[in-house]
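Trainee: Please find one structure pasted underneath; my questions will follow.
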Amino acid sequence: MPEMILQGPNRYLLPKTGAMLVDALLFLNDNLRRSISGEGMELRQLCDAAALPGVIGPVIGLPDIHAGFGLPIGGVMACCADSGVVSAGAVGMDINCGVRLLSTNIPSASLDKRTLRKLMEAVEVRIPTGIGRKSRHRELCLDTLPQIMSGGVGELIARGYGRPDDKDYIEESGCLGGADVTAVSKKAMERAGQLSTLGGGNHFLEFGTVDWLPDQETDNFGLHHDMLTVLIHTGSRGFGHQICTDYTEIMAAAAPRYGIELPSKGLACCPIHSKEGRDYLAAMACAVNFAFANRQLITYDIREAFREVLGGSDQDFGLNVVYDVAHNIAKFEEHFGRRALVHRKGATRALPPGHPINPDRYKDTGHPAIIPGSMNSPSYLVTGTAAVSETFHSVNHGAGRTLSRSAARKTINHEAFTASIGNVMLNTRDYKQLFDEAPLAYKDINDVVETLAEIGLTRKVARLKPLAVIKGEGDD
């Protein structure tokens, strides 16, 4: 494996060597550079991805990079749309794990802890948390899942589960084309009853407040100091997980027939235009649309909870979609004059100002990319600049782990966890279930966000401070 070479502020190169077809490029400040694991598994995974057929260089490692299954989390791999490959593991298990931000008309200071607790409880009644939980919207799960997998958020809005303009502020307008339910296994379909559930692991629902805005005008984003905000972080649940599992096996078995030597099972892949490649993209699109629909239904339930607890109407509360963006996805895009299939795993798309597919509201600024923190650490909104083309219009998706879940459970005790969450309200008192999600298990999100901002790839738009967090038990 090549040595990392400093290329300039916050940039490191892993030059093409051995089987690598292209370079790998990492974005790390000094503190994050020191956080790279001793065995460098995340670096090895970048180098492995750089050896896949048709890869377009460089393979990108973002500031929150850490080892994953195949491509590292915080990794971006673009492949030639004509001659490249698609890899289920390079998208990840939780297809379209992503985050949605809702703004409100409510000053956070106007809510006392008792009211905030009532809101948490009303939300929990409506939105099941934890692994394996089933939806309360059984009518949708029983009757309309194929239509939702094909039509995404638009299908739900047509059925009354949202506002017409909700989809205007969602990546791909809440529906990725090419979905085909016939490419989804029976076992995966059996897991599709988890629509409108939060899950466990790092998934959460957070009530927060806007505690920092830059001097520049931010009216485009509809955010104001002391505004109550709601963050929703979840994905395609067991449905997407099973699709990734199914196609990793299918691709691993098929790769030798296409003359592909796999560096690891996690990077099992097939040519984009092979039957296996086309089938995966069709099934993945079903999971992408399922996840967008999941966050849409959760939004519907949150609006209902606010009406119950606070009285009044949606117009009183706002609860408008600021943006909804995917973290684990593969999409055809244009980069450097070439059409490419861009795999983002633990990475967030950030289109710069003037990009033609930005929503009209964000044409002049670029759409916001939402970078969530962990319980007592802040979350950020950033926008990409013209320079973000260097990363295939991608930025980090969170802070990134420094401790594995097992290491966190062994290292973090009740006293350390309690100190780390400060005054943030949680939906459970069984803190032991959340030790592996403590802020102590993650990199400093300020370091992560500043790494790209300092070198002009992003611009910080807002910082959100958590007030109350709903999490489910178990590891998704």
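Residue numbering for the sequence shown follows my numbering, beginning at 9 and increasing consecutively. Note that beta-carbon positions come from the ideal geometry of N, C-alpha and C, so glycine has one too.
1. Please identify the residue among H405, T393, L221 and T399 whose C-alpha is closest to the C-alpha of T373.
2. Quick check on the DSSP output: what are the complete beta strand (DSSP E) runs of length 3 or more inside the segment 209-263, in order along the chain?
3. Looking at the ligand ATP, does it come within less than 7 Å of L79, judged from the CB to the closest heavy atom?
4. Near A260, which residues of its chain fall below 6 Å by C-beta distance, leaving aside the five closest residues on each side in sequence?
5. Please work out which residues of its chain come closer than 7 Å, Cβ to Cβ, to H233, disregarding the five sequence neighbours upstream and downstream, and give them in chain order.
6. Using the Cβ count rule (16 or more neighbours within 10 Å means buried), how would you classify V133?
7. State the start and end residues of the unbroken beta strand (DSSP E) segment that holds Q441.
8. Roughly how many whole angstroms lie between the Cα atoms of S193 and D254?
9. Can you tell me the Cα-Cα spacing of R144 and L239, whole angstroms?
10. Residues in the same chain with beta-carbon distance under 8 Å from G162, minus the five sequence neighbours each way, listed in chain order, please.
11. Among the candidates A301, P71 and E179, whose CA atom is the shortest distance from the CA of N37?
12. Tell me which residues share the same chain as G246 and place their Cβ nearer than 6 Å to its Cβ, disregarding the 5 neighbours each side in the sequence.
13. Would you report the Cα separation of P360 and V396, rounded to the nearest angstrom?
14. Taking just the CA atoms, how far does G69 sit from V457?
15. Kindly identify the DSSP beta-bridge partner or partners of F400.
16. Determine, using beta carbons only, whether A75 and Q53 come nearer to each other than 8 Å.
17. DSSP three-state label for N18, please.
18. Going straight from the alpha carbon of I337 to that of A416, what length do you get?
19. Of all the options T391, L213 and I379, which has the alpha carbon lying nearest to the alpha carbon of T307?
20. In this structure, does DSSP put F77 in helix, strand or coil?
21. Taking C-beta to C-beta, are P447 and N384 nearer than 8 Å?
22. Can we say the segment 342-353 touches the segment 78-93, given the rule of at least three CB pairs closer than 8 Å?
23. Considering only C-alpha positions, which residue in the set Y450, V469 and L475 is nearest to N210?
24. Return yes when the Cβ of I64 is within less than 8 Å of the Cβ of A348, no when it is not.
25. In three-state DSSP terms, what is P61?
26. Compare the Cα-Cα distances from R136 to each of I114, N39, D173 and G208 and report the closest residue.
27. Of the choices L119, V189 and R409, whose alpha-carbon is the least far from that of E445?
28. State yes or no: is the C-beta of P61 within less than 8 Å of the C-beta of F229?
29. I'd like the list of long-range same chain contacts for L305, defined as Cβ closer than 7 Å, with 5 residues on each side in sequence excluded.
30. Can you tell me which residues form a DSSP beta bridge with S95?
31. Out of R41, S91 and I310, state which residue places its alpha-carbon closest to the alpha-carbon of I73.
32. Looking only at its own chain, which residues have a Cβ that is under 6 Å from the Cβ of D485, when we skip the five neighbours before and after it?
33. Compute the distance between the beta-carbons of G106 and D455, then report whether it is under 8 Å.
34. Contact check, L110 vs T237 under 8 Å by CB: the rounded distance?
35. Use the C-beta contact count for T426: other C-beta atoms within 10 angstroms, 16 or more gives buried, fewer gives exposed.
36. Buried or exposed: G362, going by 16 or more other Cβ atoms within 10 Å of its Cβ?
Mentor: Reading it off the structure:
1. When each option's Cα is compared against that of T373, the closest is T393.
2. Runs of beta strand (DSSP E) with 3 or more residues, each lying fully within the segment 209-263, are found at 212-220 and 235-242, listed in chain order.
3. Absence of the ligand ATP is noted for the structure shown, with no ligands found whatsoever.
4. Only residues of its own chain outside the window of five on either side were considered, and among them K273 and A276 have a CB closer than 6 Å to the CB of A260, listed in chain order.
5. Only V218 and L221 meet the Cβ criterion.
6. So V133 ends up on the exposed side.
7. Note, Q441: premise wrong, no beta strand (DSSP E); not H, not E.
8. Distance between the alpha carbons of S193 and D254 is about 8 Å.
9. So the alpha carbons of these two residues sit roughly 21 Å apart.
10. Correct list, in chain order: K175, S181, G182 and C183.
11. In terms of Cα proximity to N37, the closest of A301, P71 and E179 is P71.
12. Taken in chain order, the residues that qualify are R199 and Q202.
13. Approximately 7 Å between the Cα atoms of the pair.
14. Each residue's alpha carbon lies about 14 Å from the other.
15. Paired residue(s): none; F400 is not in a bridge.
16. Their beta carbons are under 8 Å apart, which means A75 touches Q53 by this criterion.
17. In the structure shown, the three-state DSSP call for N18 is coil.
18. If you draw a straight line from the Cα of I337 to the Cα of A416, it comes to about 28 Å.
19. Nearest in C-alpha terms to T307, of all of T391, L213 and I379, is L213.
20. The answer is coil: DSSP assigns F77 none of H, G, I, E or B.
21. Contact flag set, yes.
22. The answer is yes - the segment 78-93 touches the segment 342-353, with three or more Cβ pairs under 8 Å.
23. Comparing Cα-Cα distances from N210 to each of Y450, V469 and L475, the minimum goes to Y450.
24. Yes. Within cutoff.
25. Coil, per DSSP.
26. The sequence shown places Pro at residue 136, not Arg. Measuring C-alpha to C-alpha distances from P136 to each of I114, N39, D173 and G208 identifies G208 as the nearest.
27. It is R409 whose Cα lies nearest to the Cα of E445.
28. Result no, Cβ atoms of P61 and F229 do not sit closer than 8 Å.
29. These residues qualify, in order along the chain: H145, L164, Y169, L203 and S204.
30. The bridge partners DSSP lists for S95 are C277.
31. If we check each option's Cα against that of I73, R41 comes out closest.
32. With the chain running from 9 to 484 in the structure shown, residue 485 is simply not present.
33. No, the Cβ-Cβ distance between G106 and D455 is not below 8 Å.
34. Contact check for L110 and T237: beta-carbon distance about 7 Å, within the 8 Å limit, so the pair qualifies.
35. Exposed, since its Cβ has fewer than 16 Cβ neighbours within 10 Å.
36. That one is exposed.
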